[in-house]
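In the numbering used here, the protein residues as written are 41 to 586.
Just so it is clear, CB atoms sit at the ideal spot from N, CA and C, and this is done for glycine as well.
Model, not experiment: these values are computed from the prediction.
What follows is a short report on a single structure.
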Amino acid sequence: MLNLLKIRNLALVERLEWDLGGGLVGVTGETGAGKSVIVGALKLILGERADKGLIRTGEDQCMVEAIFKLPQSSVIDAILEEVGLDCCEEDELIIRRVIGVSSNKQFVNNGAATLGVLKRIGQHLVDLHGPHDHQSLLSTERQLALLDAYGSAGEEVKSYRERWAAWREASEEYETARAQREISDQEKELLRFQVEEIDSAGIKTGEEKDLEERYRRSSNANRLGELAGKAVNLISNTVGPGLEDLQRVTSGLCQIDPAIVDLAEEVECSVAQMQELERSVVDYLDDLEIDPSEVQEVEDRFNLVESLKRKYGPTLQDALDHAEDARLKLEGSDNREEFLARLKQDVDLALKKLRAAARKISSKRKKHAPSLAEEVRGHLVDLGFKQAEFEVQLNVRDEPGAFGLEDVEYLFGPNPGEPLKPLRQVASSGEISRVMLAVKNALADQDATPLMVFDEIDANVGGEIARAVGEKMASLGERHQVVAITHFPQVAAVAHQHFLVEKRVEGGRSFSSLTEVTSGSRVDELVRMLGGGGKQAREMAKSLLK
41 MLNLLKIRNL ALVERLEWDL GGGLVGVTGE TGAGKSVIVG ALKLILGERA DKGLIRTGED
101 QCMVEAIFKL PQSSVIDAIL EEVGLDCCEE DELIIRRVIG VSSNKQFVNN GAATLGVLKR
161 IGQHLVDLHG PHDHQSLLST ERQLALLDAY GSAGEEVKSY RERWAAWREA SEEYETARAQ
221 REISDQEKEL LRFQVEEIDS AGIKTGEEKD LEERYRRSSN ANRLGELAGK AVNLISNTVG
281 PGLEDLQRVT SGLCQIDPAI VDLAEEVECS VAQMQELERS VVDYLDDLEI DPSEVQEVED
341 RFNLVESLKR KYGPTLQDAL DHAEDARLKL EGSDNREEFL ARLKQDVDLA LKKLRAAARK
401 ISSKRKKHAP SLAEEVRGHL VDLGFKQAEF EVQLNVRDEP GAFGLEDVEY LFGPNPGEPL
461 KPLRQVASSG EISRVMLAVK NALADQDATP LMVFDEIDAN VGGEIARAVG EKMASLGERH
521 QVVAITHFPQ VAAVAHQHFL VEKRVEGGRS FSSLTEVTSG SRVDELVRML GGGGKQAREM
581 AKSLLK
């Protein structure tokens with residue numbers, strides 16, 4: 041549950057630390073006292089976008105922090121691990137929002153987080169209902185989800201959704217293939233020519249680089265021969281004789297003075313190296329005597345490769361890929377009917393699995409729809425609809441839909457003798473609010489959301505009905521933590537904890553504060569809510585508390 045809510049400089053609230061208990065927590069106060077700030081703070085915790093106008097006048101930032109105690113934190117931890125945030129320690133989750141004039145920041149367990157993460161976490165933490173939030177109950181998709189939750193069909197729905205995705209993918213692939221036009225004879229002939237042209241070239245992997253080097257050598261053979269010949273002449277006519285003369289001189293010196301034997305050996309070694317260099321250049325020159333027919337062969341091959349690159353390139357690999365694509369198109373055209381038949385088999389098999397998964401959900405829906413309707417009717421009686429009717433109507437579809445083989449419609453008839461109508465046709469927001477509360481009570485055991493917040497959903501009711509609304513909230517409080525922001529003493533009186541929001545003016549500035557009211561102060565607040573003082577009102581307040 042929500043253990044602690046901290047607020048700093050948010051609207052009229054300068055500083056607030058709210059310690060909450062379990063069960064039903066009532067929040068009351070005069071209109072404009074600041075009760076909406078609490079709901080606004082919770083919405084910020086749940087990832088709602090922040091308006092800088094929320095910052096208290098004269099301050100440069102505001103802060104909201106919520107500390108949740110989660111006996112089972114595995115679902116939240118899985119989300120935190122996925123986004124790289126620290127998991128809950130001792131099952132405690134801390135969420136903090138800081139809204140500044142120039143920037144906003146949000147943190148989960150002291151790690152920076154995005155609004156998207158807050159929203160993902162928030163849907164597992166808080167179920168917030170304002171005066172208009174019951175409108176979600178009018179969605180047939182939401183109604184179907186509630187029925188599946190009541191029937192504990194979560195695993196079946198998950199399996200069905202997976203099979204639905206597989207069927208849609210197979211169907212789209214089949215329809216795309218079927219929609220593709222047949223290749224004309226002229227196009228087939230062109231594709232065959234292209235495949236034959238590329239295949240006949242016999243392209244080998246890595247050939248391009250080697251061919252470019254061979255082509256460069258063959259096309260420059262004359263120039264290479266000329267330069268190599270000059271190199272041979274320079275070695276033979278210039279360097280060679282000089283080194284031989286030097287070798288004879290050092291040999292004579294060595295005979296007279298043995299001390300220079302090392303020098304003589306170095307000269308001899310140099311002579312040998314130059315002779316080896318001369319032989320290497322001569323060998324290179326011999327290799328340059330390329331056969332003209334070989335030169336022509338290299339040029340023809342080079343021109344062929346360049347032609348393929350221009351047609352199908354820009355690279356040689358692109359040409360090979362083009363040939364493969366053309367070959368596949370020809371094969372697909374030649375085996376078109378067989379290919380479509382195979383795709384159709386995939387669609388039929390996926391549909392068969394989808395229908396099998398749908399039947400499992402349908403079985404649970406048919407079994408639990410009457411039970412859900414009966415349980416909701418019981419809660420509606422408690423909420424003042426003594427003779428109201430409520431039904432969960434299943435409408436079978438011709439083809440599987442995104443959520444199964446049937447659609448659902450919640451039908452409601454508040455007045456005897458009148459036909460039942462879909463909830464979306466019920467005009468009274470007060471009636472819809474009570475239906476929503478009845479459905480919530482019916483699903484209390486299946487709903488895993490720890491905190492429920494009801495923001496003045498008891499509007500447009502009064503008297504004993506308001507009392508019944510409060511008791512239903514208190515009943516929910518036995519299995520969830522429930523916060524009820526209300527103007528009705530009948531609701532506030534059944535709360536396990538009662539907090540009062542007050543606004544005061546000090547030094548020309550407005551401040552909102554939140555304090556728990558107990559004993560006599562709680563009676564005083566109920567008297568105020570009843571509309572006046574006096575012994576009779578006080579006795580009524582005490583009676584409500586009993």
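Practice item. Could you tell me which residues DSSP pairs with L554 in its beta bridges? Key: Position 514 of the sequence shown, counted from the first residue, corresponds to residue 554. L554 is bridged to V541.
Exercise for review: Look up R549 in the DSSP assignment and give the residues it is bridged to.
Suggested key: Taking the sequence shown and counting its residues from 1, one reaches residue 549 at position 509. Looking at the DSSP assignment, R549 forms a beta bridge with E546.
Point to revise | Reduced DSSP category for M492 - H, G, I as helix; E, B as strand; rest coil | key: To locate residue 492, count along the sequence shown from 1; it is residue 452. Residue state, collapsed to three classes: strand.
Check your understanding: How about L94 and A51: do their beta carbons lie closer than 8 Å?
Key -> Looking up residue 94 in the sequence shown gives position 54. Looking up residue 51 in the sequence shown gives position 11. In this structure, A51 lies closer than 8 Å to L94 by Cβ.
Check your understanding: If we ignore side chains and look at the alpha-carbon of each, how far apart do G547 and V77 end up?
Key -> Position 507 of the sequence shown holds residue 547. Position 37 of the sequence shown holds residue 77. Approximately 22 Å, taken between the alpha carbons.
Review point. At which residue ranges does the stretch 108-193 contain complete alpha helix (DSSP H) runs of 4 or more residues, listed in the order of the chain?
Key: 114-122, 155-162, 180-190
Point to revise | Start and end residues, alpha helix (DSSP H) containing A14 | key: Residue 14 lies beyond the stretch modelled for the chain, which goes from 41 to 586, so this question has no answer here.
Point to revise | Per DSSP, the bridge partner or partners of P462 | key: Against the sequence shown, residue 462 aligns to sequence position 422. Answer is L451, bridged to P462.
Exercise for review: Just the C-alpha distance for G156 and K575, rounded to the nearest angstrom, thanks.
Suggested key: Indexing the sequence shown from 1 puts residue 156 at position 116. Indexing the sequence shown from 1 puts residue 575 at position 535. G156 and K575: Cα-Cα distance of roughly 53 Å.
Point to revise | First through last residue of the beta strand (DSSP E) which encompasses A524 | key: For the purposes of this step, residue 524 is taken as the residue at position 484 of the sequence shown. From DSSP, the beta strand (DSSP E) with A524 extends over 521-525.
Check your understanding: Expressed to the nearest angstrom, what Euclidean distance is found between the alpha-carbon atoms of V436 and E181?
Key -> Against the sequence shown, residue 436 aligns to sequence position 396. Against the sequence shown, residue 181 aligns to sequence position 141. Cα to Cα, the separation comes out at about 14 Å.
Point to revise | Candidates P410, R549, Q357: closest to Y190 by CA position | key: On the sequence shown, position 150 is the one that residue 190 refers to. Checking every option, the nearest Cα to that of Y190 belongs to P410.
**Study point:** From Q486, F528, P111, E364, residue whose alpha carbon lies closest to that of F494
**Key:** Residue numbering aside, residue 494 sits at position 454 when the sequence shown is read from its first letter. The residue with the shortest Cα to Cα distance from F494 is F528.
Review point. Cβ of K543 within 8 Å of Cβ of G98?
Key: Here residue 543 refers to the residue found at position 503 of the sequence shown. Here residue 98 refers to the residue found at position 58 of the sequence shown. The answer is no: Cβ separation not under 8 Å.
Check your understanding: Grouping DSSP H, G and I as helix and E and B as strand, with all else coil, what is V475?
Key -> Numbered from its first residue, the sequence shown carries residue 475 at position 435. Helix.
Review point. Which whole runs of the beta strand (DSSP E) in the stretch 382-433 are 3 residues long or more, in chain order?
Key: none
Point to revise | Residue range of the alpha helix (DSSP H) that includes Y89 | key: Here residue 89 is taken as the residue at index 49 of the sequence shown, counted from 1. With the sequence shown as reference, residue 89 is identified as Arg, and Tyr is not the correct amino acid for it. Looking at the DSSP string, R89 is not in any alpha helix (DSSP H), and its letter there is neither H nor E.
Point to revise | First and last residue of the uninterrupted beta strand (DSSP E) at I47 | key: The residue labelled residue 47 in the question sits at position 7 within the sequence shown. Its beta strand (DSSP E) spans residues 42-50.
Exercise for review: Counting only the same chain and skipping the five closest in sequence on each side, list residues whose C-beta sits under 7 Å from that of E415.
Suggested key: Along the sequence shown, one-based indexing puts residue 415 at 375. Here the set comprises A482.
Review point. Is C102 buried or exposed, if buried means 16 or more other CB atoms sit within 10 Å of its CB?
Key: What you label residue 102 is simply residue 62 of the sequence shown in a count that begins at 1. Looking at its Cβ environment, which holds 16 or more other Cβ atoms inside 10 Å, C102 is buried.
Point to revise | C-alpha distance - L84 paired with A90, whole-angstrom precision | key: Reading the sequence shown from its first residue, position 44 is the one you call residue 84. Reading the sequence shown from its first residue, position 50 is the one you call residue 90. Roughly 7 Å between the two C-alpha positions.
Point to revise | When M580, T526, L356 are compared against L64, the one with the closest alpha-carbon | key: Along the sequence shown, one-based indexing puts residue 64 at 24. Nearest C-alpha to L64: T526.
Review point. Would a C-beta distance cut-off of 8 Å place L133 and N149 closer than the cut-off?
Key: As a first step, residue 133 must be located in the sequence shown, where it is residue number 93. As a first step, residue 149 must be located in the sequence shown, where it is residue number 109. Using a Cβ distance threshold of 8 Å, L133 and N149 count as a contacting pair.
Check your understanding: From L44 to S192, what does the alpha carbon distance come to, in whole angstroms?
Key -> Here residue 44 corresponds to residue number 4 of the sequence shown, with the count starting at 1. Here residue 192 corresponds to residue number 152 of the sequence shown, with the count starting at 1. Roughly 32 Å between the two C-alpha positions.
Practice item. Could you say which of V345, L445, E88 lies nearest to Q357 if we only look at CA atoms? Key: Along the sequence shown, read from residue 1 onward, the residue named residue 357 stands at position 317. Among V345, L445, E88, the Cα nearest to that of Q357 is on V345.
Exercise for review: Using 10 angstroms around the beta-carbon of A381, count the other beta-carbons present and answer buried if the total reaches 16, otherwise exposed.
Suggested key: Looking up residue 381 in the sequence shown gives position 341. Exposed, by the Cβ-count rule.
Review point. Can you give the Cα-Cα distance for E565 and Q427, rounded to whole angstroms?
Key: As a first step, residue 565 is located in the sequence shown; it is residue number 525 there, counting from the start. As a first step, residue 427 is located in the sequence shown; it is residue number 387 there, counting from the start. Approximately 35 Å between the Cα atoms of the pair.
Check your understanding: How many angstroms separate the CA atom of P459 from the CA atom of I47?
Key -> On the sequence shown, residue 459 is found 419 positions in, with the first residue counted as 1. On the sequence shown, residue 47 is found 7 positions in, with the first residue counted as 1. For P459 and I47, the distance between alpha carbons rounds to 49 Å.
Exercise for review: Out of S553, R568, V567, point me to the one whose CA is closest to V53's CA.
Suggested key: Position 13 of the sequence shown, counting from 1, holds the residue named residue 53. Measuring from the Cα of V53, the nearest candidate turns out to be S553.
Practice item. Report the option in E88, V115, E202 whose CA atom is closest to the CA atom of L391. Key: Counting from one through the sequence shown, the residue named residue 391 turns up at place 351. For L391, the nearest C-alpha among the options comes from E202.
Exercise for review: Could you spell out where the alpha helix (DSSP H) holding R55 opens and where it closes?
Suggested key: Indexing the sequence shown from 1 puts residue 55 at position 15. Careful: R55 lies outside any alpha helix (DSSP H), inside the beta strand (DSSP E) at 53-59.
Review point. Hey, L423 and L477: beta-carbon distance below 8 Å or not?
Key: Here residue 423 refers to the residue found at position 383 when the sequence shown is read from its first residue. Here residue 477 refers to the residue found at position 437 when the sequence shown is read from its first residue. Result yes, Cβ atoms of L423 and L477 sit closer than 8 Å.
**Study point:** Euclidean distance between Cα positions of Q315 and I296
**Key:** The residue labelled residue 315 in the question sits at position 275 within the sequence shown. The residue labelled residue 296 in the question sits at position 256 within the sequence shown. About 27 Å.
Point to revise | Contact check, S199 vs A484, beta carbons under 8 Å | key: Numbered from 1 along the sequence shown, position 159 holds the residue referred to as residue 199. Numbered from 1 along the sequence shown, position 444 holds the residue referred to as residue 484. It is not a contact, given that the beta carbons lie outside the stated cut-off.
**Study point:** Top-ranked residue by Cα proximity to L420, from V475, K228, L491
**Key:** Your numbering for residue 420 matches position 380 in the sequence shown. Checking every option, the nearest Cα to that of L420 belongs to V475.
**Study point:** Contacts around L56, its chain only, beta-carbon distance under 6 Å, and the 5 residues preceding and following it disregarded
**Key:** As a working mapping, residue 56 is identified with position 16 in the sequence shown. A distance below 6 Å between beta-carbons, with the five flanking residues on each side excluded, links L56 to the following residues of its chain, in chain order: I47, L554.
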